[in-house]
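Protein sequence lines correspond, in order, to chains V and G. My numbering numbers the first residue of the first sequence as 623 and each following residue consecutively. My numbering numbers the first residue of the second sequence as 2 and each following residue consecutively. Note that CB positions come from ideal geometry on N, CA and C, so glycine has one too. Structure first, commentary second.
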Amino acid sequence: MSALISARGIAIRFGGVVAADGVSLDVFAGDHLAIIGPNGAGKTTFLNICTGYLKPQGGTVQFKGRDILGSSPRAITRLGIARAFQIPQLFLEQSVRENMLIAAASQARRFAPFARLADIPERGDVEHLLALVDCADVADRKAGELPEGKRKLVDIALALALKPEVLLMDEPTSGVASSEKFTIMDTLVAALRERAVTAVFVEHDMEMVSRYANRVAVWSAGTISRQGPPAEVLNDPEVVRTVIGG
Amino acid sequence: MATNSSLRLALLAVAALVAVAYPIVSGSSGSFLTIVWAKALPVLGIILLLQAGQVSFGHAMFFAVGAYTIGFVGRAMAGGELVLLLVAAAFASLLAGLLVGVFVVRYRYIFFGMLNLAFSMVLFSMLEKFIHVTGGSDGLRIARPTILGEAMGRAQYETILYYVSLAILALALYGGARFLDSPLGHALKAIKSNETRVEYLGISARLVLLVAYVASAVLAGLGGALVGAIQGIATPDYAYWVRSGEFVFVAILGGTGHVAGALAGAFVYEFIRSSAAAYVGDTWQMTLGIVLLAVILFAPRGIVGMAADLWGRLTGGSARAEPAPEEADAPDAPAREPRPLRIVGGGR
Numbered sequence: 623m624s625a626l627i628s629a630r631g632i633a634i635r636f637g638g639v640v641a642a643d644g645v646s647l648d649v650f651a652g653d654h655l656a657i658i659g660p661n662g663a664g665k666t667t668f669l670n671i672c673t674g675y676l677k678p679q680g681g682t683v684q685f686k687g688r689d690i691l692g693s694s695p696r697a698i699t700r701l702g703i704a705r706a707f708q709i710p711q712l713f714l715e716q717s718v719r720e721n722m723l724i725a726a727a728s729q730a731r732r733f734a735p736f737a738r739l740a741d742i743p744e745r746g747d748v749e750h751l752l753a754l755v756d757c758a759d760v761a762d763r764k765a766g767e768l769p770e771g772k773r774k775l776v777d778i779a780l781a782l783a784l785k786p787e788v789l790l791m792d793e794p795t796s797g798v799a800s801s802e803k804f805t806i807m808d809t810l811v812a813a814l815r816e817r818a819v820t821a822v823f824v825e826h827d828m829e830m831v832s833r834y835a836n837r838v839a840v841w842s843a844g845t846i847s848r849q850g851p852p853a854e855v856l857n858d859p860e861v862v863r864t865v866i867g868g
Numbered sequence: 002m003a004t005n006s007s008l009r010l011a012l013l014a015v016a017a018l019v020a021v022a023y024p025i026v027s028g029s030s031g032s033f034l035t036i037v038w039a040k041a042l043p044v045l046g047i048i049l050l051l052q053a054g055q056v057s058f059g060h061a062m063f064f065a066v067g068a069y070t071i072g073f074v075g076r077a078m079a080g081g082e083l084v085l086l087l088v089a090a091a092f093a094s095l096l097a098g099l100l101v102g103v104f105v106v107r108y109r110y111i112f113f114g115m116l117n118l119a120f121s122m123v124l125f126s127m128l129e130k131f132i133h134v135t136g137g138s139d140g141l142r143i144a145r146p147t148i149l150g151e152a153m154g155r156a157q158y159e160t161i162l163y164y165v166s167l168a169i170l171a172l173a174l175y176g177g178a179r180f181l182d183s184p185l186g187h188a189l190k191a192i193k194s195n196e197t198r199v200e201y202l203g204i205s206a207r208l209v210l211l212v213a214y215v216a217s218a219v220l221a222g223l224g225g226a227l228v229g230a231i232q233g234i235a236t237p238d239y240a241y242w243v244r245s246g247e248f249v250f251v252a253i254l255g256g257t258g259h260v261a262g263a264l265a266g267a268f269v270y271e272f273i274r275s276s277a278a279a280y281v282g283d284t285w286q287m288t289l290g291i292v293l294l295a296v297i298l299f300a301p302r303g304i305v306g307m308a309a310d311l312w313g314r315l316t317g318g319s320a321r322a323e324p325a326p327e328e329a330d331a332p333d334a335p336a337r338e339p340r341p342l343r344i345v346g347g348g349r
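The structure is reproduced here in structure tokens:
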């Protein structure tokens with residue numbers, strides 16, 4: 623099986639801090655890959671590199687065999703890699719529905735200057751997505767008025783509205799009430815399966831990892847120190863010592 | 002809700018009727034109102050850009066491009082034809098908007114504002130210095146053009162200009178409202194709150210801003226052409242930074258949340274200016290300053306925002322267009338977030 627995203631020899635440092643020193647990592651179609659590691663290890667940096675927000679000092683990143691290093695976040699989004707953020711990035715002064723419709727209009731390239739946003743053919747899709755992430759009840763509220771947990775869900779829904787092939791998520795359920803976490807992840811993962819979306823998520827919560835990932839990569843001291851199925855990786859004594867703590 | 006919107010429609014119809022009937026009923030050519038209609042156009046352009054959070058302090062340059070275009074084209078055609086002149090003005094300001102826009106949409110906030118100012122002052126100096134072409138500070142005379150081939154007397158010409166300006170403004174307000182409700186218009190507003198996410202949705206923020214910028218340039222150009230036609234002359238003052246500031250001033254006065262702010266602002270501004278000049282001599286600028294201070298302090302959403310509040314109270318509903326800024330921080334609302342650009346790189 624060939625990789626969808628293939629990173630080779632990624633090296634990046636911020637001043638004296640080495641975030642990645644020769645990291646190579648493959649993301650295969652259908653993967654639900656969890657990236658775990660200590661705080662500040664460089665996990666989010668990896669997402670920033672894959673989406674064109676940061677340029678590493680060395681290495682290559684390919685998407686379906688095509689070099690994407692140096693492309694802008696916009697160009698990479700257009701190729702089919704969408705991103706959800708650890709701190710939700712929404713249009714706070716617009717309604718949740720408008721947020722979603724902008725994403726859907728962008729995906730379908732509907733930019734006729736005098737057509738109504740609310741009437742685009744994708745609006746049914748948007749309602750479906752909003753229901754999926756349990757945000758149908760707040761669709762008319764401004765994104766800035768939502769509690770953190772809901773914002774997080776809208777942030778993920780925005781990425782899904784782009785109909786991506788790969789979805790990169792940064793701690794998808796941080797900030798979401800722990801009582802809702804699993805319900806939300808269950809629906810989210812079901813939606814990803816239904817749409818055949820490959821997912822990569824940075825995660826600190828090992829319960830989430832063991833439950834939802836089919837593969838785990840451990841990012842530690844600027845390298846991928848271990849990768850494999852969750853059952854193996856999470857029980858590795860070295861991983862337990864350095865990452866999980868215990 | 003249905004009665005509310007039909008009531009609003011009825012009010013709009015009455016206002017339109019009054020505007021159309023005014024020259025007929027009053028017997029005057031309504032040149033005060035013609036100026037209001039014409040000056041509301043560049044203000045509408047400023048309001049479009051403000052949706053993306055960008056303030057241009059140089060839009061008088063397009064106002065001047067419009068006025069000088071009808072001057073030059075009219076001179077070349079020995080008077081010319083109004084319809085043709087207006088088309089030429091729109092086209093010239095579109096080109097100028099595209100040319101300047103390609104540079105300025107790469108910048109934001111103070112840099113965007115100042116770069117616009119710089120471009121406009123370059124044009125101002127050129128209009129002043131190239132005396133043989135532009136007439137220098139004496140300006141360029143704009144002869145009265147024919148209208149659809151007919152030569153007009155002064156009163157008739159002014160009456161027709163009134164209706165032409167009114168029609169162009171009505172179209173522009175309608176088009177502006179439709180644009181802001183379109184995917185492109187919403188993307189424009191999204192630039193203001195989170196440009197990073199706009200890009201992460203696959204949308205080019207620069208391109209969206211460029212479209213709005215060119216539209217605003219055309220509006221300013223048409224406004225300048227109409228004012229030039231009314232006054233019969235184009236001077237370098239048309240491009241001066243004070244006039245650019247005036248457009249921004251009027252936009253804030255009228256309210257930047259709605260296209261109607263352009264009309265409300267232009268009307269009140271011209272009204273204060275002409276009546277203050279008549280009654281209190283040279284202090285009209287001070288009067289305007291006090292009015293603007295009052296608006297910023299007590300009605301930050303401008304005249305249109307004030308009207309919306311009043312409307313909401315009268316109809317008993319919460320028909321408010323938008324909550325006032327301070328209400329966004331109600332106790333149960335989450336705290337405002339810092340600038341998004343920093344957040345994306347954080348938390349590695």
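Going by DSSP, what residue range makes up the alpha helix (DSSP H) through GLY262/G?
If you number the second sequence from 1, residue 262/G lands on position 261. Its alpha helix (DSSP H) spans residues 261–280.
If you draw a straight line from the C-alpha of VAL105/G to the C-alpha of SER245/G, how long is it?
Locating residue 105/G in the second sequence gives position 104, where the first residue counts as 1. Locating residue 245/G in the second sequence gives position 244, where the first residue counts as 1. Between VAL105/G and SER245/G, the C-alpha separation is close to 16 Å.
Residues of chain V with CB under 8 Å from PRO184/G, in chain order?
Looking up residue 184/G in the second sequence gives position 183. For PRO184/G, the C-beta contacts it makes with chain V under 8 Å involve LEU723, ILE724, ALA727, SER728, ARG732, PHE733, ALA734, ALA737, LEU739 and ILE742, in order along the chain.
Determine which residues share a DSSP beta bridge with LYS764/V and list them.
The count along the first sequence starts at 1 and reaches residue 764/V at position 142. LYS764/V pairs with SER717/V.
Short of 9 Å Cβ to Cβ, which residues in the segment 703–722 of chain V face chain G?
ALA704, ARG705, PHE707, GLN708, ILE709, PRO710, GLN711, LEU712, PHE713, LEU714, GLU715, GLN716, GLU720 and ASN721
Report the rounded CA-to-CA distance for ALA188/G versus ILE742/V, giving the unit in angstroms.
Mapped onto the second sequence, residue 188/G falls at position 187. Mapped onto the first sequence, residue 742/V falls at position 120. Cα-Cα distance, rounded: 14 Å.
Could you check the C-alpha separation between ALA216/G and GLY674/V for me, to the nearest Å?
As a position in the second sequence, residue 216/G is number 215, starting the count at 1. As a position in the first sequence, residue 674/V is number 52, starting the count at 1. Approximately 31 Å between the Cα atoms of the pair.
Specify the secondary structure class of MET78/G as computed by DSSP and reduced to three states.
Indexing the second sequence from 1 puts residue 78/G at position 77. Three-state DSSP puts MET78/G in coil, outside helix and strand.
Would you mind working out which of ALA277/G, MET127/G, LEU95/G and ALA267/G sits nearest VAL305/G, comparing C-alpha positions?
In the second sequence, residue 305/G corresponds to position 304, counting from 1. Nearest option by C-alpha distance: ALA267/G.
Do the segment 799–811 of chain V and the segment 823–836 of chain V meet, that is, are 3 or more Cβ pairs less than 8 Å apart?
In this structure the segment 799–811 of chain V touches the segment 823–836 of chain V; the number of beta carbon pairs closer than 8 Å is three or more.
Out of ARG635/V, GLY771/V, HIS654/V and ILE632/V, which one is the CA nearest neighbour of PRO851/V?
Taking the first residue of the first sequence as 1, we reach residue 851/V at position 229. Taking only the C-alpha atoms, the option nearest PRO851/V is HIS654/V.
If you draw a straight line from the alpha carbon of LEU124/G to that of ILE234/G, how long is it in whole angstroms?
Reading the second sequence from its first residue, position 123 is the one you call residue 124/G. Reading the second sequence from its first residue, position 233 is the one you call residue 234/G. Each residue's Cα considered, the two are about 17 Å apart.
Below 7 Å between beta carbons is the criterion; list the residues of the segment 635–659 of chain V that meet it against any residue of chain G, in chain order.
If the cut-off is 7 Å between Cβ atoms, the segment 635–659 of chain V has ALA641 near chain G.
Taking the straight line between their C-alpha atoms, what separation do you get for ALA821/V and GLY637/V?
Stepping through the first sequence from its first residue, residue 821/V is reached at position 199. Stepping through the first sequence from its first residue, residue 637/V is reached at position 15. Cα to Cα, ALA821/V sits roughly 31 Å from GLY637/V.
On the three-state DSSP scale, how would you describe ARG745/V?
One-based indexing of the first sequence puts residue 745/V at position 123. Looking at ARG745/V - three-state DSSP - the assignment turns out to be helix.
Please work out which residues of its chain come closer than 8 Å, Cβ to Cβ, to PRO660/V, disregarding the five sequence neighbours upstream and downstream, and give them in chain order.
In the first sequence, the residue the question calls residue 660/V occupies position 38. The beta carbon of PRO660/V sits closer than 8 Å to the beta carbons of SER842, THR864 and VAL865 from its chain, once the five residues preceding and following it are set aside; these are given in chain order.
Give a yes or no on whether the C-beta atoms belonging to GLY797/V and LYS774/V are separated by under 8 Å.
One-based indexing of the first sequence puts residue 797/V at position 175. One-based indexing of the first sequence puts residue 774/V at position 152. Result yes, Cβ atoms of GLY797/V and LYS774/V sit closer than 8 Å.
Using 8 Å as the Cβ pair cut-off and three pairs as the minimum, do the segment 149–159 of chain G and the segment 723–730 of chain V touch?
The segment 149–159 of chain G is not in contact with the segment 723–730 of chain V.
What does THR699/V touch in chain G if you count any residue whose Cβ is under 8 Å from its own?
For this step, residue 699/V is matched to residue 77 along the first sequence. Near THR699/V (Cβ distances below 8 Å), the residues of chain G are GLU200, TYR201, LEU202 and GLY203.
Would you verify that the beta carbon of PRO695/V is, or is not, closer than 8 Å to some beta carbon of chain G?
Within the first sequence, the letter at position 73 stands for residue 695/V. Answer yes: the Cβ-Cβ gap between PRO695/V and chain G drops below 8 Å somewhere.
What does DSSP give as the partner residues of THR820/V in its beta bridges?
By one-based count along the first sequence, residue 820/V stands at place 198. Beta-bridge pairing links THR820/V to VAL788/V.
Does the Cβ of LYS677/V have 16 or more other Cβ atoms within 10 Å, making it buried, or fewer, making it exposed?
For the purposes of this step, residue 677/V is taken as the residue at position 55 of the first sequence. By the neighbour-count rule (16 or more Cβ atoms within 10 Å), LYS677/V is not buried but exposed.
Using DSSP with H/G/I as helix, E/B as strand and the rest coil, what is PHE685/V?
Within the first sequence, numbered from 1, the residue matching residue 685/V stands at position 63. Three-state DSSP puts PHE685/V in a strand.
So who's on the other strand from ARG630/V, going by DSSP bridges?
Here residue 630/V corresponds to residue number 8 of the first sequence, with the count starting at 1. Paired residue(s): THR682/V.
Might you give, ordered along the chain, the residues of its own chain that have their beta carbon closer than 7 Å to the beta carbon of GLU328/G, omitting 5 neighbours on each side?
The count along the second sequence starts at 1 and reaches residue 328/G at position 327. Interpretation of GLU328/G is limited by its pLDDT of 38, a score under 50 that renders its predicted location unreliable; the figure taken from the coordinates is listed afterwards. For GLU328/G, where only same-chain residues beyond five positions count, there are no Cβ hits under 7 Å.
Under 8 Å, do PRO184/G and LEU856/V count as touching if we go by C-beta distance?
Here the question's residue 184/G lines up with position 183 in the second sequence. Here the question's residue 856/V lines up with position 234 in the first sequence. In this structure, LEU856/V does not lie closer than 8 Å to PRO184/G by Cβ.
Between the beta-carbon of LEU790/V and the beta-carbon of ARG700/V, is there less than 8 Å?
In the first sequence, the residue the question calls residue 790/V occupies position 168. In the first sequence, the residue the question calls residue 700/V occupies position 78. In this structure, ARG700/V does not lie closer than 8 Å to LEU790/V by Cβ.
Check whether the Cβ atoms of ALA656/V and ALA642/V sit closer than 8 Å, and answer yes or no.
Translated into the one-based positions of the first sequence, residue 656/V becomes position 34. Translated into the one-based positions of the first sequence, residue 642/V becomes position 20. No, the pair does not count as a contact, with Cβ atoms beyond the cut-off.
How would you list, in chain order, the residues of chain G whose beta-carbon sits under 7 Å from the beta-carbon of LEU784/V?
Mapped onto the first sequence, residue 784/V falls at position 162. Simply LEU202 and GLY203.
Report the neighbours of ARG302/G on chain V: residues whose CB is nearer than 8 Å to its CB, in chain order.
Start at 1 with the first residue of the second sequence, and residue 302/G comes out as number 301. Simply none; closest approach about 13 Å.
Please specify which runs of the alpha helix (DSSP H), each continuous and at least 4 residues long, are wholly inside the segment 168–242 of chain G, giving them in chain order.
184–201 and 206–232
Please list the partners that LEU780/V has in chain G, where partner means a Cβ-to-Cβ separation under 9 Å.
For the purposes of this step, residue 780/V is identified with residue 158 of the first sequence, where counting begins at 1. Ordered by position in chain G, the residues that pass the 9 Å Cβ test against LEU780/V are ARG198, TYR201 and LEU202.
Might you give, ordered along the chain, the residues of its own chain that have their beta carbon closer than 6 Å to the beta carbon of SER847/V, omitting 5 neighbours on each side?
Here residue 847/V is taken as the residue at index 225 of the first sequence, counted from 1. Excluding sequence neighbours, SER847/V sits near VAL840.
Beta-carbon separation of ALA300/G and ILE48/G under 8 Å?
Counted from its first residue, the second sequence places residue 300/G at position 299. Counted from its first residue, the second sequence places residue 48/G at position 47. Going by C-beta atoms, ALA300/G is not nearer than 8 Å to ILE48/G.
Is HIS826/V helix, strand or coil when you go by DSSP?
Residue 826/V sits at position 204 when you count from the first residue of the first sequence. DSSP places HIS826/V in coil when its eight states are reduced to three.
So that I know if they touch, is there some Cβ in chain V lying closer than 8 Å to that of ARG179/G?
Translated into the one-based positions of the second sequence, residue 179/G becomes position 178. Yes - at least one Cβ of chain V is within 8 Å of the one on ARG179/G.
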